[in-house]
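A short worksheet on the structure shown next.
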Amino acid sequence: MSPGLIHYLAVSGALFLIGLAGVIVRRNIIVVYMCLELMLAAGILAMVAFSRFLGRADGQVFVFFIITVAAAEVAVGLALIVALFRARRTTRLDELNTLRF
Amino acid sequence: MIVGLSCGMLASSGCTMPWWQIPELCWLLLGTVLLLGGCWGPETLRSRVAGVSAALFGLMLVLALFFWAPGGEAFGGFYRWDGLSILFKRLFLFGGFIASWMMLRSPDGPVAHRVEYVALPWFAVVAMGLMASAGDFAVLFVSLETLTITSYILVSMERDRGTSLEAGVKYLVMGGLSAAFLVYGIALLYGSCGTLRFDEMAGRLPGALAGDMGPVVRAGLLCVMVAVGFKVAAAPFQWWAPDVYQGAPVPITGFLAVASKAAGFAVLLRLLWGPFGGVRDTLAPMVAWLAAASILVGNLGALSQRNLKRLMGYSGIGHAGYLLMGVAAGSAAGVEAVVYYLAGYAVAALVVLGLLGGLVDRLGGAEMRHLNGLAKREPGLAWLMLVGLASLAGLPPLAGFLGKWMVFAAAFQAGLAWLVIVAGVGVVASLYYYLAPVRNMFFESPPPDAPPLELDLPFRTCVSILMGLAIILGIAPGPFMATIGRLLAGL
Numbered sequence: 001m002s003p004g005l006i007h008y009l010a011v012s013g014a015l016f017l018i019g020l021a022g023v024i025v026r027r028n029i030i031v032v033y034m035c036l037e038l039m040l041a042a043g044i045l046a047m048v049a050f051s052r053f054l055g056r057a058d059g060q061v062f063v064f065f066i067i068t069v070a071a072a073e074v075a076v077g078l079a080l081i082v083a084l085f086r087a088r089r090t091t092r093l094d095e096l097n098t099l100r101f
Numbered sequence: 001m002i003v004g005l006s007c008g009m010l011a012s013s014g015c016t017m018p019w020w021q022i023p024e025l026c027w028l029l030l031g032t033v034l035l036l037g038g039c040w041g042p043e044t045l046r047s048r049v050a051g052v053s054a055a056l057f058g059l060m061l062v063l064a065l066f067f068w069a070p071g072g073e074a075f076g077g078f079y080r081w082d083g084l085s086i087l088f089k090r091l092f093l094f095g096g097f098i099a100s101w102m103m104l105r106s107p108d109g110p111v112a113h114r115v116e117y118v119a120l121p122w123f124a125v126v127a128m129g130l131m132a133s134a135g136d137f138a139v140l141f142v143s144l145e146t147l148t149i150t151s152y153i154l155v156s157m158e159r160d161r162g163t164s165l166e167a168g169v170k171y172l173v174m175g176g177l178s179a180a181f182l183v184y185g186i187a188l189l190y191g192s193c194g195t196l197r198f199d200e201m202a203g204r205l206p207g208a209l210a211g212d213m214g215p216v217v218r219a220g221l222l223c224v225m226v227a228v229g230f231k232v233a234a235a236p237f238q239w240w241a242p243d244v245y246q247g248a249p250v251p252i253t254g255f256l257a258v259a260s261k262a263a264g265f266a267v268l269l270r271l272l273w274g275p276f277g278g279v280r281d282t283l284a285p286m287v288a289w290l291a292a293a294s295i296l297v298g299n300l301g302a303l304s305q306r307n308l309k310r311l312m313g314y315s316g317i318g319h320a321g322y323l324l325m326g327v328a329a330g331s332a333a334g335v336e337a338v339v340y341y342l343a344g345y346a347v348a349a350l351v352v353l354g355l356l357g358g359l360v361d362r363l364g365g366a367e368m369r370h371l372n373g374l375a376k377r378e379p380g381l382a383w384l385m386l387v388g389l390a391s392l393a394g395l396p397p398l399a400g401f402l403g404k405w406m407v408f409a410a411a412f413q414a415g416l417a418w419l420v421i422v423a424g425v426g427v428v429a430s431l432y433y434y435l436a437p438v439r440n441m442f443f444e445s446p447p448p449d450a451p452p453l454e455l456d457l458p459f460r461t462c463v464s465i466l467m468g469l470a471i472i473l474g475i476a477p478g479p480f481m482a483t484i485g486r487l488l489a490g491l
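Below, the structure written as structure tokens:
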């Protein structure tokens with residue numbers, strides 16, 4: 001049996017939920033950031049699968065835009081995390097607590 | 001040539017407009033010239049880049065106010081040039097103008113004259129303009145992310161101040177989450193409707209919702225609404241806003257509070273009166289619940305705040321709630337009320353944040369106690385601040401009052417009486433925390449060794465004009481409402 005649309009969507013849904021759980025549970029910024037990328041990858045996978053099974057190319061083209069934007073976001077994001085590490089010597093989200101009451 | 005580019009709009013009233021008439025291209029060009037000129041240009045430009053940027057924003061705003069006429073689309077429908085987008089683009093330019101004015105005048109330490117600090121708002125405004133004009137989910141996604149990534153940098157610009165970086169990282173996590181939800185939602189909607197275009201999706205979505213793909217459509221709509229909820233800082237997606245508002249440099253706080261929030265609402269209106277038009281009745285209860293949650297969380301959270309920037313963050317959540325009420329009403333009156341409310345909020349919030357930006361270094365901080373005795377040190381400024389806060393609280397005859405009135409009326413007419421009652425609770429709570437700084441300013445004595453507050457005349461003039469706008473919008477809204485009504489006629 002060759003994989004159908006539903007299988008791709010199941011994998012993509014699982015990826016999305018794993019990523020979301022990671023963002024909520026994990027406290028290390030780098031890991032949280034990886035989980036965010038996982039969620040984006042889930043969206044990309046769903047997009048490509050739909051595009052393939054609908055027989056349309058516009059979804060695949062859109063995926064290139066998503067990848068480009070994600071790359072830009074990672075570039076800025078990692079730069080921010082590095083700058084934060086230099087200033088604070090930490091990569092843990094729960095230690096970012098100067099902005100509280 | 002630049003003027004010619006954006007004035008070309010005069011001629012366009014047909015169905016298609018040539019791509020070179022798109023004002024965003026002109027703004028993109030200006031931002032790039034400022035960035036490059038500020039880095040490698042002649043010394044005379046480099047030392048004045050903030051002033052040049054503010055002047056150009058002002059010029060663009062004047063062009064936008066007096067020369068733009070709606071009608072047409074470009075790039076085969078990917079870019080829509082209609083009344084809604086024009087109204088919002090004017091608001092974005094206004095936000096950019098005031099933010100760059102604040103950068104120019106506020107002695108915000110070493111970053112004030114960094115060239116990227118001055119040039120990045122241009123790219124943010126380009127992204128917002130494209131968001132308001134999007135005719136396709138690809139355009140929407142790319143422009144929304146361009147705005148978000150630009151905002152990360154702007155928020156964390158004061159790298160040597162730890163709170164700025166911390167705010168940037170928190171914004172980064174929230175932005176990433178929002179982007180992931182948006183992509184997933186778009187993918188699900190694309191899968192069930194087979195298109196990314198707004199106009200095609202509008203026709204297919206009701207059928208898809210009723211058919212076999214119903215659950216997929218519901219999940220997709222939910223994901224997209226979550227992403228927009230993050231963008232406008234609606235509860236329960238609001239947790240980033242107070243931190244980011246407090247940590248960012250003051251001009252950027254103003255920019256985010258005014259322009260970025262408006263951009264989120266531009267997208268929301270564009271979606272609900274575009275591709276989601278056929279399922280608006282399904283989504284309206286969800287928007288109403290978001291509104292109620294935001295009003296309660298924002299206004300009750302603000303009660304205990306002692307930092308004025310953080311207070312603006314919480315109250316901004318509350319204002320997002322009032323705005324969502326107008327959206328939930330689902331009527332033309334509701335949309336007009338939302339646009340009016342956004343303009344009134346922009347003016348009042350920029351009075352408060354503008355004054356704060358000009359004074360924060362002299363006062364020693366943005367805590368409430370730093371405002372102690374401002375009325376004795378600088379009576380004029382204290383009264384300006386009072387008017388700004390009163391308009392935010394919604395006291396007549398200011399713009400904030402009329403905005404709330406119109407939004408409440410629209411919600412009431414749509415049968416959302418319970419929501420109006422919730423909003424009433426929010427307004428009462430907001431009176432308390434908006435008047436707290438007034439007590440500090442008028443009834444506390446200034447610190448004994450307070451230095452004189454030097455604020456130059458152009459800055460005072462700018463804030464006074466903003467205050468005048470808040471009063472004029474409240475007393476004589478006629479011409480303004482007529483413009484809104486005319487531009488939104490075809491929505």
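Protein chains in written order, with my numbering: chain L, 1 to 101; chain G, 1 to 491.
From the three backbone atoms N, C-alpha and C, an ideal C-beta is built for every residue, glycine too.
Check: Whole-angstrom distance between T148 of chain G and F181 of chain G, CA atom to CA atom; Outcome: 14 Å
Check: Members of the segment 226-251 of chain G near chain L, C-beta cut-off 9 Å; Outcome: P242, D243, V244, Q246, G247
Check: Where P73 of chain G sits in the DSSP three-state scheme; Outcome: The residue you asked about is not Pro; residue 73 of chain G is Glu in the sequence shown. Note: E73 of chain G maps to strand in three-state DSSP.
Check: Residues of the segment 190-204 of chain G with Cβ closer than 8 Å to any Cβ of chain L, in chain order; Outcome: Y190, G191, G194, T195, L196
Check: Beta-carbon proximity of L256 of chain G to L272 of chain G, cut-off 8 Å; Outcome: no
Check: Coil, strand or helix - T461 of chain G by DSSP; Outcome: helix
Check: Own chain partners of E367 of chain G with C-beta closer than 6 Å, once the 5 adjacent residues on each side are dropped; Outcome: R306, N307
Check: Extent of the continuous alpha helix (DSSP H) to which G41 of chain G belongs; Outcome: First-last for G41 of chain G: undefined, no H or E at that position.
Check: Buried or exposed by the 16-neighbour rule on C-beta atoms within 10 Å, applied to W418 of chain G; Outcome: exposed
Check: 7 Å Cβ shell around P258 of chain G - same chain, five flanking residues per side excluded; Outcome: In the sequence on display, residue 258 of chain G carries Val and not Pro. Once the five neighbours on either side are set aside, the close Cβ partners of V258 of chain G are G95, A346, A349, L350.
Check: First through last residue of the alpha helix (DSSP H) which encompasses R439 of chain G; Outcome: 417-443
Check: Top-ranked residue by Cα proximity to A72 of chain L, from G:L61, G:L473, G:F78, G:T150; Outcome: G:T150
Check: Three-state secondary structure (DSSP) of E367 of chain G; Outcome: strand
Check: Partners in chain G for L39 of chain L, counting only beta-carbon separations shorter than 9 Å; Outcome: It should be pointed out that residue 39 of chain L corresponds to Met in this sequence rather than to Leu. Result: G176, L177, A179, A180, F181, V183, Y184.
Check: Same chain, Cβ closer than 6 Å to M47 of chain L, neighbours up to 5 away in sequence not counted; Outcome: G59, V63
Check: Proximity winner among G:G162, G:A337, G:F141, G:L140, relative to L87 of chain G (alpha-carbon distances); Outcome: G:A337
Check: Integer Cβ distance of F265 of chain G from V232 of chain G, believed to fall under 8 Å; Outcome: 6 Å
Check: Through-space distance from T461 of chain G to L455 of chain G, alpha-carbon basis; Outcome: 10 Å
Check: Neighbour list for L17 of chain L in chain G, Cβ cutoff strictly below 9 Å; Outcome: Going along chain G, no residue has its Cβ under 9 Å from L17 of chain L, so there is no contact; the nearest lies around 11 Å.
Check: Cross-chain neighbours of V32 of chain L in chain G, by beta carbon under 7 Å; Outcome: V173
Check: Proximal chain G residues relative to I29 of chain L, where beta-carbon distance stays under 7 Å; Outcome: V169
Check: Same chain, Cβ closer than 7 Å to R46 of chain G, neighbours up to 5 away in sequence not counted; Outcome: G38
Check: Short CB-CB distance (under 8 Å) between F141 of chain G and chain L; Outcome: yes
Check: Three-pair Cβ contact test at 8 Å for the segment 317-329 of chain G versus the segment 359-376 of chain G; Outcome: no
Check: Spatial neighbours of M201 of chain G in its chain, beta-carbon cut-off 6 Å, leaving aside the 5 residues before and after; Outcome: C193, T195, P275
Check: Local conformation of V31 of chain L per DSSP, three classes; Outcome: helix
Check: CB contact check: S315 of chain G to chain L, cutoff 8 Å; Outcome: no
Check: Outcome for Y432 of chain G when other beta-carbon atoms lying within 10 angstroms are tallied against a minimum of 16; Outcome: exposed
Check: Distance between G229 of chain G and R197 of chain G (C-alpha atoms, nearest Å); Outcome: 22 Å
Check: Local Cβ density within 10 Å of L20 of chain L, reported as buried at 16 or more and exposed below that; Outcome: buried
Check: Identified DSSP bridge partners for D136 of chain G; Outcome: G:R197
Check: CB contact check: I81 of chain L to chain G, cutoff 8 Å; Outcome: yes
Check: Local Cβ density within 10 Å of V69 of chain L, reported as buried at 16 or more and exposed below that; Outcome: buried
Check: When G:W240, G:M103, G:V118, G:L371 are compared against M441 of chain G, the one with the closest alpha-carbon; Outcome: G:L371
Check: Chain G contact for D94 of chain L (CB, 8 Å cutoff); Outcome: no
Check: Interface partners of G77 of chain L on chain G, CB under 8 Å; Outcome: Y152, L172, G176
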